[in-house]
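Student: This structure is in structure tokens; I'll ask about it shortly.
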Amino acid sequence: MGREHLSNDEFFTRLANLFEYTRTKGHGSVYLVQKRMTFDTSAAPPPASKIADDPLWDTHPEEPLPVLIRAHNNKSSKKAGTDREDIPKIELSTVVKPDDLDGFYARYAEACKVGMSGLKKRDKKKAKKTKKKKKGETKV
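First residue of the sequence shown: 3, per this note's numbering; consecutive thereafter.
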């Protein structure tokens, strides 16, 4: 992303708005992504002996690494024959420092629970009917 990262508080505010926006539209998805950030290792590559001793040396760094949290929806275009509107893509991101991870994840879990409470359950009966129908047609 070419934009600046949001503060943690602003991220939660906008994430709640994103969930609410998706819920009021009645369709759409919200994608949540977490990635461990890394420091720039191109300046000083590790010595060959370190790699030989532990090939996964970068999975346990000396100092804790921050975490990048992203949330976005998909851009949606108006479909012919439907009442759906164009939906712009909304992207959010924040960087969480290692010291703040426990508190952040507590708030993150709560925001996700509240945001996902309005989701509709999948209609599995429809899928089963079409599966049976296809299965019955192949036996003929």
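Virtual Cβ for every residue (Gly too), placed ideally from N, Cα, C. Source: prediction; values computed, not measured.
#1: Which value, in whole angstroms, describes the spacing of the CA atoms of F106 and G30?
#2: Just to confirm before moving on: does the CB-CB distance between R109 and F14 stay below 7 angstroms?
#3: Which runs of the alpha helix (DSSP H) at least 4 residues long sit entirely within the stretch 87-140? Give them in chain order.
#4: Hey, could you find the ends of the beta strand (DSSP E) L20 is sitting in?
#5: Drop a sphere of 10 angstroms on the beta-carbon of L20, count the other beta-carbons inside from all chains shown, and report buried for 16 or more, exposed for fewer.
#6: If M39 sits next to L17, beta carbons under 8 angstroms apart, how far is it from one beta carbon to the other, in whole angstroms?
#7: Starting from the C-beta of E93, find all residues in its chain whose C-beta is less than 8 angstroms away, skip the five residues before and the five after it, and write them out in chain order.
#8: For T96 versus N10, is the C-beta spacing smaller than 7 angstroms?
Tutor: On the basis of the supplied data:
#1: Approximately 26 angstroms, taken between the alpha carbons.
#2: yes
#3: 103-118
#4: Here L20 belongs to no beta strand (DSSP E); instead the alpha helix (DSSP H) covers 10-27.
#5: buried
#6: No, M39 and L17 are not in contact; Cβ-Cβ is about 19 angstroms, not under 8 angstroms.
#7: Correct list, in chain order: M3, R5, R72, A73, H74.
#8: yes
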